[in-house]
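J.: Take this structure first; my questions come after.
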Amino acid sequence: MRSCSLLPITLVLAVIAAPAFGQAPAEPPANALKAAKLAGLAGFVNVHCQTLRTDGDRFKSVVQAMGVDPADLERDTLLLQARSYLAVYEKDVPASCTRAEELFGRTGKVVPGVFVPR
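Right, dumping it as structure tokens:
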């Protein structure tokens, strides 16, 4: 009886799998990053802006229109992205609140109605 070595099979599997191990994690699509940025701003507004709050339904509809499931913003890479944006907004609270209202407030220049008066 001849014994079969697993070494050649192991080497072939290692070569096939090697590119996956050396690659960086895939970056989310551009729309997903924009949705994470908006999620970070929404979190920021809810905590730091005394005159604004996020309209949850409007926020979800905007994110869905971007092709992103709002639940995806609460996990993994997109959650980390949203938190990093929130930290950036916290560096200048008054300016970030003003900008949030200008861009996404009742008469926002980008998407109106995401943030509404408290």
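Numbered according to mature numbering (1 follows the signal peptide of the UniProt record, and there is no 0), the sequence shown spans residues -26 to -1, 1 to 92. Glycine included, each C-beta is placed from N, C-alpha and C at the ideal position.
Would you mind sorting threonine 28 into buried or exposed? The rule is 16 or more other CB atoms within 10 Å of its CB.
T.: Taking the first residue of the sequence shown as 1, we reach residue 28 at position 54. With 16 or more other Cβ atoms from the protein chains shown falling within 10 Å of its own Cβ, threonine 28 counts as buried.
J.: Are valine 62 and alanine 6 touching if we call contact CB-CB under 7 Å?
T.: Translated into positions along the sequence shown, residue 62 becomes position 88. Translated into positions along the sequence shown, residue 6 becomes position 32. Against a cut-off of 7 Å, the Cβ pair of alanine 6 and valine 62 comes out as no contact.
J.: Have a look at the DSSP bridge pairing and note the partners of threonine 28.
T.: For the purposes of this step, residue 28 is identified with residue 54 of the sequence shown, where counting begins at 1. Answer by DSSP bridge pairing, in chain order: Phe89.
J.: Considering only the alpha carbon of each residue, which of Val36, Arg57, Asp31, Leu47 lies closest to phenylalanine 18?
T.: By one-based count along the sequence shown, residue 18 stands at place 44. If we check each option's Cα against that of phenylalanine 18, Arg57 comes out closest.
J.: Scan the region 37 to 92 and note each continuous beta strand (DSSP E) run of 3 residues or more that stays entirely inside, going in chain order.
T.: 89 to 91
J.: To the nearest angstrom, report how far apart alanine 13 and lysine 65 are at their CA atoms.
T.: Sequence index remark: in the sequence shown, residue 13 carries index 39 (1-based). Sequence index remark: in the sequence shown, residue 65 carries index 91 (1-based). Each residue's Cα considered, the two are about 17 Å apart.
J.: Roughly how many angstroms lie between the CA atoms of leucine 15 and histidine 22, to the nearest whole one?
T.: Here residue 15 refers to the residue found at position 41 of the sequence shown. Here residue 22 refers to the residue found at position 48 of the sequence shown. Between the alpha carbons of leucine 15 and histidine 22 lies a gap of roughly 10 Å.
J.: Nearest-angstrom Cα distance between valine 36 and lysine 11?
T.: What you label residue 36 is simply residue 62 of the sequence shown in a count that begins at 1. What you label residue 11 is simply residue 37 of the sequence shown in a count that begins at 1. Roughly 12 Å between the two C-alpha positions.
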